[in-house]
Structures are given as C-alpha cells and as structure tokens.
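Residue numbers (the numbering used here): 16 to 121.
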C-alpha cells in the first residue's frame with residue numbers, strides 16, 4: 016500500500032496531468048521497471064488509465080470510487096504527518112475539530 020501511494024503521489028498532486036514511466040521514474044527516483052509493474056496493476060484495478068501516443072505510454076488517474084478512497088487516505092496521511100493537529104492543540108486548551116474543505120462534506 017505504501018509503495019502504491021508513493022507512486023500515486025504525482026497523480027494526486029497534479030490530477031489533470033498525464034505521466035510517462037520515465038517521468039515518474041525521474042520524479043520518484045524509482046527504477047522504471049518497478050514503476051511499470053505497479054502502473055500495470057493499477058490500470059487493471061482501474062485506478063489509472065493508459066493511453067498510447069506513438070511509441071510512448073501515458074498514465075492518468077481515473078475518478079473511480081477506489082481512486083477517491085486512496086486520495087482521501089493520502090490526504091489524511093499528509094495531514095497526520097504534517098503535525099498540524101499537534102500544533103493547533105498547543106494553541107488551545109480545549110478539544111477542537113479541524114475540518115478541511117471538501118473533507119467536511121465527505
């Protein structure tokens with residue numbers, strides 16, 4: 016799961032962009048063979064879509080329910096690891112709830 020989220024990070028950060036295997040390999044500093052294996056699995060799981068343009072293959076994130084759940088998990092992990100909750104708790108002596116944009120309606 017952790018490796019999947021690592022590979023999906025560029026897609027989550029820029030959901031309208033398409034990426035080639037080589038681009039992802041450079042961005043993530045992971046071997047292109049490893050990335051290809053994970054991308055092919057995620058295409059089968061309908062998390063990513065594959066489009067061939069000439070000799071190049073480009074991957075783009077889909078809007079499936081599974082993808083949205085992964086994005087939600089990714090965002091929650093990002094909030095948790097940023098330690099923003101702890102910083103807010105230091106400022107206030109009473110319990111609080113922090114709502115972030117679309118998370119408040121989900």
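We put the CB at the ideal spot given by N, CA and C, even for glycine.
As the structure is a prediction and not an experimental result, all values here were calculated from the model.
Requested in this report: Have a look at residue 103 and residue 71 and give me their C-alpha separation to the nearest angstrom.
Outcome: 46 Å
Query - Straight-line Cα distance separating residue 44 from residue 87 - result: 24 Å
Query raised in the report: What's the C-alpha gap between residue 73 and residue 35?
Result: 5 Å
**Report entry** Same chain, Cβ closer than 6 Å to residue 31, five either side skipped, listed in chain order
**Finding:** none
Query raised in the report: Mind checking whether residue 93 and residue 62 have CB atoms under 8 Å apart?
Result: no
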